[in-house]
Amino acid sequence: MTEAQPRTSSAERQEPLARPESSWVDSHDRLGARDFQRLATFIQDYSGIKVPPSKATMVEGRLRKRVRALGMASLVEYCNYLFARDGLAAEEIHLIDVVTTNKTEFFREPEHFRTLADEVLPRIAAERRVSSHAPVKIWSAAASTGAEAYTIAMVLAEQRRRQPELAGAVYATDICTEVLGTAQGGIFPAEMIAPVPAELRARYVMQAKDRASRLVRIVPELRAMVRFGRLNLMDQSYPIDRDMDVVFCRNVLIYFDKPTQLAVLRRLCDHLRPGGWLFLGHSETLSGFELPVRTAGTAVFRRS
């Protein structure tokens, strides 16, 4: 129900002489078709992410953050800076940061973490007891703000409590520098950790002294297990060890076209040791691709 509005005189009901700045920007500062296409082509070539014309309004809204940060007047001036004044090299990382979508949750697609705890890590532990005591290496290849990487670290830490030979590290990479900064700090809204089981929350999550802040932080011991770094999956080679035990690359391939998916998957497989596991998102498939892996579960694959 709305509140009753006070009566106003005809003078008070007159239109303001100027619209608020935000309204002016929304109605007058838009990307032309040529500039949008140039941006979409650059974004796909650089990051693999397809940006269809239906996303133009979203792209405009996100790029205005860079327009304001650079003290420019409009998106037109920003595009002129990128493409006519050779500003793209200096701006590319910031541009990618603002246009990429970063959705992440703790224990997202929980079946995968049950598989990691109940099947994958026990098998690795058995192998380590027989052949070596090498550390377990797990890579979160699209880490966003770190929820997936810290979830993996919790599972690994819990398994290590029962099987000390499972010492290891989690490598977490993302193309977006902004989210990596958040990930390294390990500070999250309290509601974000709701999917974390209570026992694990008590062990691996610290509550803020000021409960009104509604923030929590991953404990130092767990943060020390995770190594964050920037990596673009479109690069032709990755600065990652080629004997990873497990690779998580979930819910990122859906943004790529088929040739890009295949190229990325081949590179990911190159970094898996024989017998290593690859986890994809539940909506992602390897159907039609020739890769050196076989199905080992729901969106789980094992290198031959």
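Under my numbering, think of the first position of the sequence shown as 4, with each following residue one higher.
Positions of the beta carbon are idealized from the N, C-alpha and C atoms, including for glycine.
Note that the coordinates shown come from a computational prediction; the quantities given were computed from them, not determined experimentally.
Nonlocal neighbours in the same chain, by C-beta distance under 7 Å from residue i, ignoring five residues either side
i	result
residue 183	177, 231, 233
residue 105	147, 148, 179, 182
residue 138	170, 171, 172
residue 187	231
Sequence-distant residues of the same chain with beta carbon closer than 8 Å to residue i, five excluded per side
i	result
residue 46	52, 54, 98, 99, 102
residue 277	306, 307
residue 269	294
residue 72	97
residue 64	none
residue 141	155, 159, 171, 172, 173, 174, 247, 248, 249, 250, 251
residue 78	32, 33, 34, 38, 63, 66, 67, 70
residue 297	304, 305, 307
Bounding residues of the alpha helix (DSSP H) (the contiguous stretch that carries residue i)
i	result
residue 184	180–188
residue 39	36–50
Distance, residue j Cα to residue i Cα
i	j	result
residue 129	residue 135	10 Å
residue 265	residue 171	29 Å
residue 257	residue 287	7 Å
residue 88	residue 132	60 Å
residue 108	residue 150	6 Å
residue 207	residue 293	40 Å
residue 272	residue 250	9 Å
residue 214	residue 192	11 Å
residue 127	residue 119	10 Å
residue 162	residue 156	10 Å
residue 236	residue 282	16 Å
residue 74	residue 40	24 Å
residue 84	residue 175	33 Å
residue 116	residue 300	12 Å
residue 124	residue 244	19 Å
residue 242	residue 91	24 Å
residue 247	residue 144	12 Å
residue 62	residue 275	35 Å
residue 290	residue 34	37 Å
residue 30	residue 279	Because residue 30 sits at a pLDDT of 42, beneath the cut-off of 50, its placement in the model cannot be relied upon, and the following sentence gives the value as read from the coordinates. Those two C-alpha atoms are separated by around 53 Å.
residue 49	residue 166	42 Å
residue 56	residue 238	25 Å
DSSP-derived helix/strand/coil call for residue i
i	result
residue 64	helix
residue 306	strand
residue 145	coil
residue 140	strand
residue 158	helix
residue 255	coil
residue 267	helix
beta-carbon residue i near the ligand SAH non-hydrogen atom, thresh 8 Å
i	result
residue 125	Looking at this structure, you won't find the ligand SAH or any other ligand, since it has none at all.
N-terminal and C-terminal residue of the beta strand (DSSP E) that residue i is part of
i	result
residue 299	296–300
residue 281	275–283
Same chain only: Cβ atoms within 6 Å of residue i, ignoring 5 sequence neighbours per side
i	result
residue 199	109
residue 189	220, 221, 226
residue 254	284
residue 82	38
residue 43	54
Exercise. May I have a chain-ordered list of the beta strand (DSSP E) segments no shorter than 3 residues that lie completely inside the region 69–132?
Key: none
Practice problem: With a floor of 4 residues, list each alpha helix (DSSP H) that falls wholly inside the region 165–238, ordered by position along the chain. | Solution: 180–188, 201–207, 223–226
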